[in-house]
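J.: Quick note: the sequence shown uses my numbering, first residue 4, plus one each step.
Have a look at this one before I ask anything.
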Amino acid sequence: MLTAARLQRRRAFRRAALTLAGLLPFLAVAFSVSPARALTRQEAIVVVKLITALSPEFGKLAYDEAAADDWFEADAESDNRITRAGFTRESWRIALGATVTGYVACMPEAEFRAMLTTIRLRAENRGTLDGAQRRAMLELVDEVTVRLEAMRIEGHDHAEIVRPLASRLRRVMVD
């Protein structure tokens with residue numbers, strides 16, 4: 004079990020790393036969403052409501068492979084809203100992953116490409132990096148781009164469910 008201080012340090016480190024990289028908070032490794040378990044409209048609505056309700060306490064969603072577990076554990080030590088909403092750790096992981104990939108999938112193509120371009124430009128124009136650091140940063144950007152494109156494909160089945168919630172998600176995920 005994570006202590007509150009350790010969980011806060013983990014979140015602060017993740018946010019700092021993402022900020023340092025100049026990346027949007029939700030850009031990272033996508034969860035595998037089981038194709039046998041499709042996201043329902045009601046689950047997506049509840050996930051977005053939970054993210055919105057919990058973000059003042061937990062911060063904006065920095066989506067990576069540990070985010071669902073971190074939020075689940077932090078909420079378990081707080082008000083248990085995720086569990087009270089009917090999610091187990093595993094169902095929360097799946098629903099959050101499907102919601103985020105659906106969000107990425109429903110972004111208009113021009114907006115998605117502009118986001119990728121912005122990420123690359125931020126990395127290229129990072130004035131405080133030496134040559135090796137810049138190359139490492141650009142490799143990370145390339146990896147993130149591949150992951151985002153995979154998330155976009157993976158989320159295709161959830162895009163129409165998530166589309167009506169996209170503006171709400173944008174507020175809790177994107178700076």
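Where is the CB? At the ideal position from N, CA and C, for every residue including glycine.
#1: Here's the rule: buried if 16 or more other CB atoms are within 10 angstroms of the residue's CB, otherwise exposed. What is L124?
#2: Decide if P77 is buried, meaning its Cβ has at least 16 other Cβ atoms within 10 Å, or exposed.
#3: Using three-state DSSP, classify L26 as helix, strand or coil.
#4: Evaluate the contact criterion for the stretch 145-164 versus the stretch 110-126: three or more CB pairs, one atom per stretch, below 8 Å.
#5: Which whole-angstrom value describes the C-beta separation of V165 and A47, a residue pair presumed to lie in contact below a C-beta threshold of 8 Å?
#6: Sort C109, K52, I97 by Cα distance to D67 and report the nearest one.
#7: Report yes if the C-beta distance between V175 and T102 is below 8 Å; otherwise report no.
#8: Is the beta carbon of R138 less than 8 Å from the beta carbon of V107?
#9: Please state whether the Cβ-Cβ distance between R129 and M118 is less than 8 Å.
#10: Return helix, strand or coil for Y106, following the three-state DSSP convention.
#11: A71 and D160: beta carbons closer than 8 Å?
#12: Would you kindly report the start and end of the unbroken alpha helix (DSSP H) that includes E80?
#13: Are T185 and E157 touching if we call contact CB-CB under 8 Å?
T.: In short:
#1: Here residue 124 refers to the residue found at position 121 when the sequence shown is read from its first residue. Classification of L124: exposed, given that the 10 Å Cβ count is below 16.
#2: Stepping through the sequence shown from its first residue, residue 77 is reached at position 74. In the sequence as displayed, the identity of residue 77 is Ala instead of Pro. The Cβ neighbour count for A77, taken over all protein chains shown within 10 Å, is at least 16; the residue is labelled buried.
#3: For this step, residue 26 is matched to residue 23 along the sequence shown. At L26, the pLDDT of 45 sits below 50, so the modelled position is not reliable; the number obtained from the coordinates is stated separately. Coil.
#4: At 8 Å Cβ cutoff, the stretches touch.
#5: Here the question's residue 165 lines up with position 162 in the sequence shown. Here the question's residue 47 lines up with position 44 in the sequence shown. Contact between V165 and A47 holds: their C-beta atoms lie close to 6 Å from each other, under 8 Å.
#6: Along the sequence shown, read from residue 1 onward, the residue named residue 67 stands at position 64. D67 has its Cα closest to that of I97, out of C109, K52, I97.
#7: As a position in the sequence shown, residue 175 is number 172, starting the count at 1. As a position in the sequence shown, residue 102 is number 99, starting the count at 1. Not a contact, by the Cβ cut-off of 8 Å.
#8: Along the sequence shown, one-based indexing puts residue 138 at 135. Along the sequence shown, one-based indexing puts residue 107 at 104. Result no, Cβ atoms of R138 and V107 do not sit closer than 8 Å.
#9: In the sequence shown, counting from the first residue as 1, residue 129 sits at position 126. In the sequence shown, counting from the first residue as 1, residue 118 sits at position 115. Annotated as distal: R129 and M118, with beta-carbon spacing of 8 Å or more.
#10: Within the sequence shown, residue 106 is the residue found at index 103, counting from 1. In the displayed model, Y106 falls within a helix according to three-state DSSP.
#11: The count along the sequence shown starts at 1 and reaches residue 71 at position 68. The count along the sequence shown starts at 1 and reaches residue 160 at position 157. At a Cβ-Cβ threshold of 8 Å, A71 and D160 do not count as neighbours.
#12: Walking along the sequence shown from the start, residue 80 turns up at place 77. Careful: E80 lies outside any alpha helix (DSSP H) and carries neither H nor E.
#13: This structure cannot settle anything about residue 185, because the visible part of the chain is limited to 4 through 178.
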